[in-house]
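Here's the structure we're looking at; comments come further down.
Protein chains in written order, with the working numbering: chain P, 24 to 446; chain E, 24 to 446.
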C-alpha cells in the first residue's frame, strides 16, 4: 500500500506473485499476494532522473550503487540481504537500471520494487561459497550492457563495498575508468519529497510513543533490559495503525555511563538520583526520526540542572538558524557560543542529515554536518537530526530531535517537551 | 559481570569510572559504576595470542582489524559506533594492541573492555566532517608504533573498510606492504571456547522463548507488525534473568512471500490456510543462536506436508554428518540427495559458521559454508547455523537451528520440535 497512511490505493500493480525458475510443486494458494512498495513508481523514477542529471554533469557513463540505503532509495528494495554484496547498475543516458542480488533474494525485489523482472539479476551461491566474488558477476553485467570501456562511478567510501570488490572490478574491466561518485546518491537524498516528509512525520510519532513508553517503564529497581524490551515493542508496534519497520537499536545508558553516546542496556536496575540517556528512532518504511531525551529518577542536583539549562538554551539559540539560506556551520556556531557562555563545550558536530536507516550504518547521511567548516547551504525539505548531547567526564545530558528545514522556524517531528524528564 | 549466568564475580576490575579530558563540572555522583565485559581478561588475551600465532606464520608484522565483530571478539568493545571507521592495531610480535575510535567513543571502550587507557586512542570529529579520513589517523598510529615500512595485514574484503580507507592507508604508508588477512580473525573465531558456548546456549534459550512468543501471538486477523513487536520484546527481555542484547531483526513473511528469505513484517493480518516463516536469533552478549520455524494457521494441505516431510527427513539425514572429522560439503551432499529423492532441490548453502552478531552484516561468519566444494574439516567447538529452508516459486518452508559440533551427534541450542508448528 501507499506509504501515506490515509491512502488505500496500492502503489504497486496487481500482478500475481512473481515466480522464479525453481522446481517443486506448484502449490495451489487461495489468496494471491500483491507487490507492495512504500511509494508509487513515479517517485522512484523521479529519484533516478535526478541522479542521472547530476551523474551526467560529472561525466559518468554508468553508476554502480552498492550502499543498501542508496539502493533502497532508488528502487524501494526492502529486504535485509545486504550482508552479501549487491549492486544497482544505473546507465546514465537512458537504459533501465539493473539490480544485482543474490539469486534467492530476487523474489524479494519483485515483491518490494516496481522493477520489471528483466531488471533484476541474481547471482548463484558459487559467488559466495567458493573463490568467485559477486563483483565478478557485476563486472559481467557491466560488460554485457556495453560499459566495458566506460567511465564508471563507484561508491569509493560507501558501506558494503570492500577494497576487494573494487579490486575485482578493476581487474575484470581493465579498459574502464573508475571514479568516485563522492556520495552522489546521498546528496540527492538530502532534500526530501513531500511523501518522504510525511513518512518521517509518522516515524516521529513512533519515536515519541517509544520515548513515552520508556519513560513510563523506568522506575526504581526495574532492570534496564526490561525497559529496552518495552521500548522495542513500542518502536515496532507503533500506534494508531502506524507500525514501525525494523528499528536501529536504542542507545540507553545510566549513571556515569552517560559520559559516552553509544552504549546500550544491561541488566542493572534503575536507581534513584541518576540520569538515563535514551536515543532512539521510530522507523517508518525504513525512514528514521532520531530523538533523544534524558530521564532522571528523583530530584536532579543543581549542577545537573545547570547542564540541562545550557543545552536547552543552546537549542533555543540554534533553532532559528536552522533555516533555508543559512550554512550548516552557522547553526553550530550559535550553539557553541551559547553553551560556552554557560561554561560547557562540545567538540563534536551537533547534527547531520537524516532519512533512510538501515542497520549496516544506521540513519546518519554522510553529507551535511552541523560542524565548523561545513558551509553547505540549507534548503527547504532537508531533514536534520539536531544532536545536542553533551558528554562530560563522568556524566552526560542528551537532547535531540529531527527537524524539517524550511523558510522559517524548522518543523518539528516530535511533540515532546525539551526539558529533562523527571520521575 | 561475568557472562556465565551463575557467576556473580565481576570480570572487570573495580576501578572507578574512566575519565576523559573534557571540561565541565565534576558532578558528585553517589554511586561509582564499574567496568563490565562479557568475559574475563584472560579470554581476550588468549584470543589475541591465537591470532598472533597465525599472523606470525603468515609473515605479518602488524594487523589492522576493521570489522566491528572482529574488534568485539578481540577486545569486548561493545558500543554501536561502527558507522564510523574504527580500527584495532595488533602488533604481531609482542606490543600491546591499540584500539582507534572516534574520540567520543573512547569512554565506551573503558567501560566495556579490559584495555588500559593508553591502549585506546580517539580521533576528533575533524576526521568525519571535513576532508580528512579516519584512516589517516590510523596511518599515523601505525607510523608512531614503528610500522611505517612493515608488512601490514588488512581486511581486504571486510565490513566497515572501504576502498577509500584502503587508498588512504596506501598513500600515507608508501613504504609499507599491505596484504589481505584473508579473514584470519574470523577463522580464529570459528572454534568457540567453553565460555562462548555457554553464552550461545543462553542465546538459544532466548531464541526458543521468542519463537514460542511469536507462535502464541499469531492468530487470525492479528497484524504481522504486532507479532513482530511481541517477538522483539521477547528477544530483548529474555527469560529467567537472561536478557538479550540488541538483536538482528527477525525475518518474517507469510503466504506467497515465503518464496524468499529476507523479507520482514507488514501490517497485513494473518489469514487461515497460509504459512508464516520466521527466522530469528536470541542475542546474548552479542552472540546469536539462529533459529527458524514455519507456523501454519489451519490445516496444512497435503503438498505442503510433503515439503515439510522432505525438509525434516533431510535434517535427520544431515545431522549425523555434522560432526568432527567430516567436511562441510559432506553434510550438504547428504541433505541434497535426501530432498532430491523427495522431488525437491535447494541451490543454496544449507548452513554456515555462526557466533558474534552485529547489525552491520548480521551473524554469518564468512568462513565455513555447508555447500558443495567447501572442504573445511569440522572441529569440536565449531557452531553451525543449519539453514534448511526451501524456497519454491510460490511458497517456502523454513527450518533452521544452531548446533555445536562435537565428536558425536551435534549439540542442539534449541529444544523446540522440528515439525511444522500448526495452530
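Backbone N, C-alpha and C fix where the C-beta goes; we use that ideal spot for every residue, glycine too. Computed from a predicted model, the values in this text were never measured in an experiment.
>> Run through chain E and tell me which residues come within less than 8 Å of residue 142 of chain P, C-beta to C-beta.
In response: Position 119 of the first chain, counted from the start, is the residue given in the question as residue 142 of chain P. Here the premise fails: no neighbours, minimum Cβ distance about 17 Å.
> Interface residues of chain E around residue 59 of chain P at Cβ under 8 Å?
Replying inline: Stepping through the first chain from its first residue, residue 59 of chain P is reached at position 36. Under the 8 Å cutoff, chain E gives 289.
>> Quick test of your reading: residue 513 of chain P and residue 332 of chain P, contact by CB under 8 Å. State the CB separation rounded to the nearest angstrom.
In response: No answer is possible for residue 513 of chain P: the residues shown for chain P start at 24 and end at 446.
> What is the rounded straight-line gap between the Cα of residue 183 of chain E and the Cα of residue 60 of chain E?
Replying inline: Working through the second chain from its first residue, we reach residue 183 of chain E at position 160. Working through the second chain from its first residue, we reach residue 60 of chain E at position 37. Distance between the alpha carbons of residue 183 of chain E and residue 60 of chain E: 23 Å.
>> Between residue 312 of chain P and chain E, is any beta-carbon pair separated by less than 8 Å?
In response: Counting from 1 along the first chain, the entry for residue 312 of chain P is found at position 289. Residue 312 of chain P does not count as touching chain E.
>> What residue range does the beta strand (DSSP E) around residue 298 of chain P cover?
In response: The residue given as residue 298 of chain P occupies position 275 in the first chain. Annotation: the continuous beta strand (DSSP E) that includes residue 298 of chain P extends over 297-307.
>> Here's the rule I'm using: 16 or more other beta-carbon atoms within 10 Å means buried, otherwise exposed. How should residue 292 of chain E be labelled?
In response: By 1-based counting over the second chain, the position of residue 292 of chain E is 269. Exposed: under 16 other Cβ atoms inside 10 Å.
> Name the chain P residues that come within less than 7 Å of residue 285 of chain E, Cβ to Cβ?
Replying inline: Counted from its first residue, the second chain places residue 285 of chain E at position 262. Listed along chain P, the residues sitting closer than 7 Å to residue 285 of chain E by beta-carbon distance are 102, 103, 104, 128 and 131.
> Going along chain E, which residues have a C-beta under 7 Å from residue 253 of chain P?
Replying inline: Start at 1 with the first residue of the first chain, and residue 253 of chain P comes out as number 230. Listed along chain E are 256, each with a C-beta nearer than 7 Å to that of residue 253 of chain P.
> Between residue 107 of chain P and the ligand GTP, is the CB less than 7 Å from at least one heavy atom?
Replying inline: Here there are no bound small molecules, and the ligand GTP is not part of this structure.
> What residue does the alpha helix (DSSP H) around residue 346 of chain P start on, and which one ends it?
Replying inline: For the purposes of this step, residue 346 of chain P is taken as residue 323 along the first chain, with counting starting at 1. Under the DSSP assignment, residue 346 of chain P falls outside any alpha helix (DSSP H); it carries neither an H nor an E label.
> What do you get for residue 68 of chain P, buried or exposed, if any count of 16 or more other CB atoms within 10 angstroms of its CB means buried?
Replying inline: Walking along the first chain from the start, residue 68 of chain P turns up at place 45. Counting every other CB atom within 10 Å of its CB across the protein chains shown gives residue 68 of chain P a total below 16, marking it as exposed.
> What residues from chain E crowd round residue 186 of chain P, counting only those whose CB sits closer than 7 Å?
Replying inline: Here residue 186 of chain P is taken as the residue at index 163 of the first chain, counted from 1. For a Cβ distance threshold of 7 Å, residue set 179, 184, 186 and 189 of chain E lies close to residue 186 of chain P, ordered along the chain.
> Of all the residues that make up the stretch 378-399 of chain E, which are near chain P by a beta-carbon distance shorter than 7 Å?
Replying inline: Here the close residues are 382, 383, 384, 385, 387, 392, 394, 396 and 397.
> Applying a beta-carbon distance threshold of less than 7 Å, which residues of chain P neighbour residue 372 of chain E?
Replying inline: Here residue 372 of chain E is taken as the residue at index 349 of the second chain, counted from 1. The answer, in chain order, is 148 and 152.
> Under 8 Å, do residue 345 of chain E and residue 446 of chain E count as touching if we go by C-beta distance?
Replying inline: If you number the second chain from 1, residue 345 of chain E lands on position 322. If you number the second chain from 1, residue 446 of chain E lands on position 423. Not in contact: residue 345 of chain E and residue 446 of chain E (Cβ atoms no closer than 8 Å).
> Going by other Cβ atoms of all chains shown within 10 Å of its Cβ, with 16 needed for buried, is residue 172 of chain E buried or exposed?
Replying inline: To locate residue 172 of chain E, count along the second chain from 1; it is residue 149. Burial call: exposed.
> Quick one: which chain E residues come within Cβ less than 9 Å of residue 266 of chain P?
Replying inline: Working through the first chain from its first residue, we reach residue 266 of chain P at position 243. Those within 9 Å of residue 266 of chain P in chain E are 246, 247, 248, 249, 251, 252, 288, 289 and 290.
> Would you say residue 414 of chain E reaches chain P, if we count a Cβ-Cβ gap shorter than 8 Å as a contact?
Replying inline: Counting from 1 along the second chain, the entry for residue 414 of chain E is found at position 391. Chain P, which has a Cβ nearer than 8 Å to the Cβ of residue 414 of chain E, makes this yes.
> For residue 265 of chain E, which option in P:249, P:266, P:149 and P:354 has the closest C-alpha, if you only look at C-alpha atoms?
Replying inline: Numbered from 1 along the second chain, position 242 holds the residue referred to as residue 265 of chain E. With distances taken between Cα atoms, residue 265 of chain E lies closest to P:249.
> residue 262 of chain P by DSSP, collapsed to three states: which one?
Replying inline: Translated into positions along the first chain, residue 262 of chain P becomes position 239. Taken through DSSP and simplified to helix, strand or coil, residue 262 of chain P comes out as strand.
>> Is the separation between the beta-carbon of residue 235 of chain P and that of residue 288 of chain P shorter than 8 Å?
In response: Taking the first residue of the first chain as position 1, residue 235 of chain P is located at position 212. Taking the first residue of the first chain as position 1, residue 288 of chain P is located at position 265. Contact: no.
> So is residue 269 of chain E in contact with chain P if we call contact Cβ pairs under 8 Å?
Replying inline: Here residue 269 of chain E refers to the residue found at position 246 when the second chain is read from its first residue. For residue 269 of chain E, the answer is yes, since a Cβ of chain P falls inside 8 Å of its Cβ.
>> Just verifying my parser: in three-state terms, what is the DSSP assignment at residue 411 of chain E?
In response: Walking along the second chain from the start, residue 411 of chain E turns up at place 388. Note: residue 411 of chain E maps to coil in three-state DSSP.
> With DSSP run on the structure shown, which of helix, strand or coil describes residue 381 of chain P?
Replying inline: As a first step, residue 381 of chain P must be located in the first chain, where it is residue number 358. Residue 381 of chain P falls in the strand class under three-state DSSP.
>> DSSP three-state label for residue 376 of chain E, please.
In response: Against the second chain, residue 376 of chain E aligns to sequence position 353. Shown here, residue 376 of chain E sits in a strand according to DSSP, grouped into three states.
> Do you know offhand how far residue 92 of chain P's Cα is from residue 377 of chain P's?
Replying inline: As a working note, residue 92 of chain P is residue 69 in the first chain. As a working note, residue 377 of chain P is residue 354 in the first chain. Distance between the alpha carbons of residue 92 of chain P and residue 377 of chain P is about 12 Å.
>> Could you check whether the Cβ of residue 282 of chain E sits closer than 8 Å to any Cβ belonging to chain P?
In response: What you label residue 282 of chain E is simply residue 259 of the second chain in a count that begins at 1. Interface residue, yes.
> In its own chain, which residues sit with a C-beta less than 6 Å from the C-beta of residue 281 of chain E, not counting the 5 before and 5 after it?
Replying inline: One-based indexing of the second chain puts residue 281 of chain E at position 258. The residues are 298, 300, 418 and 419.
>> Please tell me whether residue 48 of chain E has its Cβ less than 8 Å away from any Cβ of chain P.
In response: The residue you call residue 48 of chain E lines up with position 25 of the second chain. Low local confidence applies: a pLDDT of 42 at residue 48 of chain E is under 50, so the model's placement there is unreliable, with the coordinate-based value given in what follows. A Cβ of chain P is located within less than 8 Å of the beta carbon of residue 48 of chain E.
> Who are the Cβ neighbours of residue 160 of chain P in its own chain at under 7 Å, not counting the five residues just before and after it?
Replying inline: Translated into positions along the first chain, residue 160 of chain P becomes position 137. Once the five neighbours on either side are set aside, the close Cβ partners of residue 160 of chain P are 123, 146 and 150.
> What are the partner residues of residue 88 of chain E, as DSSP defines its beta bridges?
Replying inline: Stepping through the second chain from its first residue, residue 88 of chain E is reached at position 65. Note: residue 88 of chain E sits in a beta bridge opposite E:111.
> How about residue 221 of chain E: is its C-beta nearer than 8 Å to some C-beta of chain P?
Replying inline: The residue labelled residue 221 of chain E in the question sits at position 198 within the second chain. The beta-carbon of residue 221 of chain E is placed no less than 8 Å from the nearest beta-carbon of chain P.
>> In whole angstroms, give me the CA-to-CA distance for residue 434 of chain E and residue 313 of chain E.
In response: The residue you call residue 434 of chain E lines up with position 411 of the second chain. The residue you call residue 313 of chain E lines up with position 290 of the second chain. The alpha-carbon atoms of residue 434 of chain E and residue 313 of chain E are separated by roughly 14 Å.
> At what residues does the beta strand (DSSP E) containing residue 427 of chain E begin and finish?
Replying inline: Taking the second chain and counting its residues from 1, the one referred to as residue 427 of chain E is at position 404. Annotation: the continuous beta strand (DSSP E) that includes residue 427 of chain E extends over 423-427.
> By the 10 Å Cβ neighbour count, where 16 or more other Cβ atoms means buried, how is residue 88 of chain E classified, buried or exposed?
Replying inline: Within the second chain, numbered from 1, the residue matching residue 88 of chain E stands at position 65. Flag for residue 88 of chain E reads buried.
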